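Below you'll find the structure, written out as structure tokens, and then a few comments.
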Amino acid sequence: MSGFKSEAFEGADTVKYEEPRRVSTTGILHFTIGVTDLEVSRKFYEEVVGCTYWRQNDTTVFMRAGEHYFVLSKTGYHQSPNKPGDTLIHHAFTVDGADFNAAISHLEDKGVDILLYEDTGHRSFSGRHVYFHDPDGNGVEIIDFEGVGDTHAKAYQGRKRRLPKSHLPSLET
-10 MSGFKSEAFE GADTVKYEEP RRVSTTGILH FTIGVTDLEV SRKFYEEVVG CTYWRQNDTT
50 VFMRAGEHYF VLSKTGYHQS PNKPGDTLIH HAFTVDGADF NAAISHLEDK GVDILLYEDT
110 GHRSFSGRHV YFHDPDGNGV EIIDFEGVGD THAKAYQGRK RRLPKSHLPS LET
């Protein structure tokens, strides 16, 4: 027995109980995005967002963004975490600053509705940001990340433009 309280470890011989101490994570290996159609989502993240397909199985597509991984998972019960037009819950992908304008042009050429644009002055993550939805209503951000901002600075001073609600597509089926 491993010595842990959780039944999930019963019979496990690759871990053993030690005196509790703080977990010290060293990074993020991947995150998972819930989707309803693996092929549609794979094409979107490849052709629109510029990510790279790695591999897949019946319910999951593994993707790369630079040296980082994320997973598209078809659960059968996915719901958008945001209300139509909102992008508070989102996944941020970085681009080089010199490529930001071309990235925006590419998004518009692909028919993506940019829901929000922010330029300089973000208090947490400096750079220009655009936000939009993937085919399942998941929030996506593209940023030309310049660095971590000053969280003690005055409120956001950059320009923030939101598409009028009357122009937002309905995500209801």
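The opening residue of the sequence shown carries number -10 in the working numbering; numbering runs sequentially from there.
Using N, Cα and C, we set each Cβ at its ideal position, and we do this for glycine too.
On a predicted model such as this, the values are computed, not experimentally measured, just so you know.
Notebook entry, point to check: CA-CA distance, D98 and I17?
Noted result: 32 Å
Check: How far does the beta strand (DSSP E) with L18 in it reach, from first residue to last?
Finding: First-last for L18: undefined, no H or E at that position.
Margin query: For N127, count the other beta carbons within 10 Å of its own beta carbon; 16 or more makes it buried, fewer makes it exposed. Which is it?
Written below: buried
Check: With 16 as the cutoff for other CB atoms within 10 Å, does H156 come out buried or exposed?
Finding: Confidence in H156 is poor, its pLDDT being 42 and thus under 50, which makes the residue's placement too unreliable to answer from.
Note to self: Distance check for A81 and E35, CA to CA, integer angstroms please.
What the structure shows: 15 Å
Notebook entry, point to check: Is DSSP giving I6 helix, strand or coil here?
Noted result: Rather than Ile, the amino acid found at residue 6 in this sequence is Tyr. Residue state, collapsed to three classes: coil.
Item checked: Of the residues K5, F33, F121, I131, the one placed nearest P73, counting alpha carbons only -> F121
Check: According to DSSP, is F(-7) helix, strand or coil?
Finding: coil
Notebook entry, point to check: With a CB to CB cut of under 6 Å and the five nearest residues on each side skipped, what residues in its chain are close to V164?
Noted result: The requested residue 164 does not occur in the structure, where the chain is confined to residues -10 to 162.
Margin query: Need the endpoints of the alpha helix (DSSP H) that H95 sits in, please.
Written below: 89 to 98
Check: Near R53, what residues of its chain come up, given a Cβ to Cβ distance below 7 Å and the 5 sequence neighbours on each side ignored?
Finding: C40, T41, W43
Item checked: Supposed contact pair T25 and D125 - C-beta distance, whole angstroms, cut 8 Å -> 5 Å
Check: In chain order, what residues of the same chain lie with their CB nearer than 8 Å to the CB of T48, ignoring the 5 residues before and after it?
Finding: L27, S62, K63, T64
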